[in-house]
Amino acid sequence: MLDIRNLHATIGEKEILRGIDLTVKTGEIHAVMGPNGSGKSTLAQVLAGHPGYEVTEGEVTYDGRNLLEMDPEVRAQEGIFLAFQYPIEIPGVTNAYFMRSAFNEIRKAKGMTELDPLEFLDLMEEKIKLVDMDPAMMNRSVNSGFSGGEKKRNEILQMAVLEPRLAILDETDSGLDIDALKVVAHGVNALRRPDNATIVVTHYQRLLNYIVPDFVHVLANGRIVKSGGKELALELEEKGYDWIPGAAA
Amino acid sequence: MSTAIESLVNKEYPYGFVTDVETDTIPRGLSEDVVRLISSKKNEPAFMLEWRLKAYRRWLTMKEPHWGNLKYEPIDYGNIIYYSAPKSVKPLQSLDEVDPELLRVYDKLGISLTEQKKLAGVAVDAIFDSVSVGTTMKDELSKYGIIFCSFGEAVQNHPELVERYLGTVVPHSDNFFAALNAAVFSDGSFCYVPKGVKCPMELSTYFRINNADTGQFERTLIIADEGASVSYLEGCTAPRRDTNQLHAAVVELIALDNASVKYSTVQNWYAGDAEGKGGIYNFVTKRGKCAGVNSKISWTQVETGSAITWKYPSVILQGDNSTGEFYSVAVVNNHQQADTGTKMIHIGKNTKSNIVSKGISAGHGNNSYRGQVKILPRASGARNYTQCDSMLIGNECGAHTFPYIEVQNNTATLEHEASTSKIGEDQIFYCKQRGLSAEHAVSMIVSGFCREVFQELPMEFAVEAQQLLGITLEGSVG
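Chains A and B supply the protein sequences, listed in that same order. Numbers given in the numbering used here equal positions in the first sequence, counted from 1, plus 12. Numbers given in the numbering used here equal positions in the second sequence, counted from 1, plus 295.
This is the structure:
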């Protein structure tokens, strides 16, 4: 589904991604771990099309198409979802309205009919249960006045509503307590299907107890320096990153 | 580094108007003779002519005000046509002759083909009987004793009402533009709602008989007698096909005991090109008087057009327990300038005023809120709440706030809140990542920003206003 070859990306003058190679097939969950400043979040943002980064070299193919030529909103309409590390607040726009707009835009892009507010409300109520959120949240402005945990759960709720093909979770576990973590993981696991895939960017092994990955990659100094199965995550938890060649800063 | 916000090419909004001036016009320029001629062409009674002349003579002694935060080319008062026959524009034969850009806007606003023809000055088929629609409405209203007609008709058919109330809220000497308007006003709306009657439908300029092109100098007078209420919609979301540069209208609202008047405006006059050339100068004096106890006057406006907007819909809170409200969204893009706000004058006891002003600046636009809250010595127990919020889109625009507060009674309570925000790149990217285009995102964020004001608009207008906002801000964000 996703094929990344020799991806280089800079922010301003600084090169962050220095040749990433990664292949993700449908039905798989890939975890990307690594020390601070390694480029994990940058990778997530570049895949989503964040305008602050410039791709200087390399290719990314999504379903056989050149992802890098697609505008961010087109990538989203094609089924790519990024759960932000720092979800943005949009005062004055309710969660319900925001999600319905996004949902319908993506439906439209697929040539499907849009849902009216009432139909969408039914859909929402179903999804809200998945992330254990208070339905009253729907009428509050997007992420406004939400705690860190609530923002992260709101990201997963959006994911549940939009049903992406490729979900990229950018440090979704940072700032969450164990209970919130379980809720988030439960949501992600419930959305897993044979025709979609997930990339989980995380710092800590803990999340991976709940969202069990098929592959674990270590990203350091802008490159993937080691890949393995889920046991690799446990090894990292025990030993840190230093033992891996190329991982030291 | 070019940011997403700056990098989108600004879309042009050219309106190429074509007008043929009809023969029945008074040559350019203003003089006492012109005023007399205007009055005689309208067949006005003596009191009307005298009022106009008094205003004209006063105008000659006045100077154009320049305290506004506005820059514009001086207006040549000698170069304006002050009177032309109702059909000042020869109708086009078909929509094919209309500027396609104009039609694109109409389409976007979901305006019916027939309405498009009317707005664009195309001769309307005889089959569509707009006059009969208006007549049916008038019949319906007359059952309630409600008078709703053009100002000209009111002068002919209800001179005593006009004479009693005209100029009682905005006297001819009030300001430079009001004096000019009083001297040469063309036409406008008149509405009188009798005692105890609640007008059953929203009155709108669409239904006014003789709905010809809005004149440069409109004069509107709305009176709600004791216990009466009325809601009036002025304006049009579609850009008017008009080359007149100066629009100096006057609107007077009067609410007697236990009465209420709600006046909503959606204004989208031609705003000038992307370089700031051309465009309408919208200099309007709007004022309401809560003359009676427990009366209420509410102004709601969405100003998106005009090159220059200068207006301060105000309320004089004379009656005890009266309430004044002002809800406004003012948008400036490209080189538009707006200096707008309100005045709430508290005179009676236990009066209340509520001000919510939302200013949106984009492109090189310059937006100023100018508000005055005045509590006079005998206005005990007065309460005011003011909220003025500005939103900036891009790095070249400006937002300014000039609040004036004068309190001469120490039992008054005033609250003032203000905020300034910017649409961030982050917000746009977040929306994009959810499948929304930049334009959709801006439109959504701006609508959210304006929600409190849109809530006050009658529903039909609210929907149009949202779409209008989206169109006005096209090209402002990457």
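From the three backbone atoms N, C-alpha and C, an ideal C-beta is built for every residue, glycine too.
Check                                                                                                                                                                                   : Outcome
Under 6 Å Cβ to Cβ from R582 of chain B, same chain only, skipping five residues before and after it: list those, please.                                                               : V464, V465 and S609
Could you name the residues of chain A that I740 of chain B contacts, counting a contact when the two beta carbons are closer than 9 Å?                                                 : I102, P103, G104 and V105
Should Y699 of chain B go down as buried or exposed, given a rule of 16 or more other Cβ atoms within 10 Å for buried?                                                                  : exposed
In terms of residue numbering, what span does the alpha helix (DSSP H) encompassing Y460 of chain B cover?                                                                              : P454 to Y460
Using beta carbons (cut-off 8 Å, strictly below), is A121 of chain A in contact with chain B?                                                                                           : yes
For N151 of chain A, which of helix, strand or coil comes out of DSSP?                                                                                                                  : helix
Looking only at DSSP bridge pairs, what is V173 of chain A linked to?                                                                                                                   : Answer is none; V173 of chain A lacks a bridge partner.
Counting only beta-carbon atoms, is F621 of chain B nearer than 8 Å to chain A?                                                                                                         : no
What did DSSP end up calling P698 of chain B once you bin it into helix, strand or coil?                                                                                                : strand
Look up D182 of chain A in the DSSP assignment and say whether it is helix, strand or coil.                                                                                             : strand
Closer than 7 Å, Cβ to any Cβ of chain B: which residues of the stretch 40-59 of chain A, in chain order?                                                                               : none
What would DSSP say about P381 of chain B, mapped onto helix, strand or coil?                                                                                                           : Unreliable positioning characterises P381 of chain B in this predicted model, as indicated by a pLDDT of 49, which lies under 50. The coordinate reading is nonetheless provided below. Of the three classes helix, strand and coil, the one that applies to P381 of chain B here is coil, per DSSP.
Let me know the secondary structure DSSP gives P753 of chain B once reduced to three states.                                                                                            : coil
Taking only beta-carbon atoms, is Q89 of chain A less than 8 Å away from chain B?                                                                                                       : yes
Please name the residue, chosen from B:K606, B:V561, B:C585 and B:N649, that lies closest to T767 of chain B on a Cα-to-Cα basis.                                                       : B:V561
Closer than 8 Å between beta carbons: that is the criterion. Which residues of the stretch 355-377 of chain B meet it against chain A?                                                  : none
Along chain B, which residues have their Cβ under 8 Å away from the Cβ of L94 of chain A?                                                                                               : Q728
Could you list which residues in chain D have their beta carbon closer than 7 Å to that of H62 of chain A, in chain order?                                                              : Here the protein chains are A and B, and chain D is not one of them.
So the beta strand (DSSP E) R30 of chain A belongs to, where does it begin and stop?                                                                                                    : K26 to V36
Determine whether the Cβ of F749 of chain B lies closer than 8 Å to any Cβ atom of chain A.                                                                                             : no
Given a threshold of 16 other Cβ atoms within 10 Å of its Cβ, counted over all protein chains shown, does T509 of chain B qualify as buried or as exposed?                              : Because the pLDDT at T509 of chain B is just 42, under 50, the model does not fix this residue reliably, and the point stays unresolved.
Spatial neighbours of A694 of chain B within its chain, please: C-beta separation below 7 Å, excluding the five flanking residues on both sides.                                        : G654, S656, N662, S685, L687 and T715
With a cut-off of 8 Å on the beta carbons, I'd call T595 of chain B and V748 of chain B a contact; round off their distance for me.                                                     : 7 Å
Can you confirm whether S326 of chain B, when its beta carbon is compared against all beta carbons of chain A, has any partner nearer than 8 Å?                                         : no
Taking only the alpha-carbon atoms, compute the straight-line gap between V220 of chain A and A21 of chain A and give it to the nearest angstrom.                                       : Here the sequence assigns Leu to residue 220 of chain A, which means Val is not the residue at that position. Distance between the alpha carbons of L220 of chain A and A21 of chain A: 27 Å.
Leaving aside the five residues before and after S468 of chain B along the sequence, list all residues of the same chain whose C-beta is less than 7 Å from its C-beta, in chain order. : R353 and A474
How would you write the range of the beta strand (DSSP E) that H262 of chain A sits in, first residue to last?                                                                          : No information on residue 262 of chain A is available, as it lies outside the stretch 13 to 261 that chain A covers here.
Which residue marks the beginning of the alpha helix (DSSP H) containing F115 of chain A, and which one marks its end?                                                                  : N107 to A121
Under 8 Å by Cβ, that's how I've got G730 of chain B and E85 of chain A pegged, so tell me the actual separation to the nearest angstrom.                                               : 6 Å
I118 of chain A touches chain B at which residues, Cβ-Cβ below 9 Å?                                                                                                                     : R729 and G730
Would you please verify whether the beta carbon of G743 of chain B is less than 8 Å from any beta carbon of chain A?                                                                    : yes
Starting from V86 of chain A, trace the alpha helix (DSSP H) in both directions and tell me its first and last residue.                                                                 : P84 to Q89
According to DSSP, what are the bridge partners of H641 of chain B?                                                                                                                     : B:L612 and B:I670
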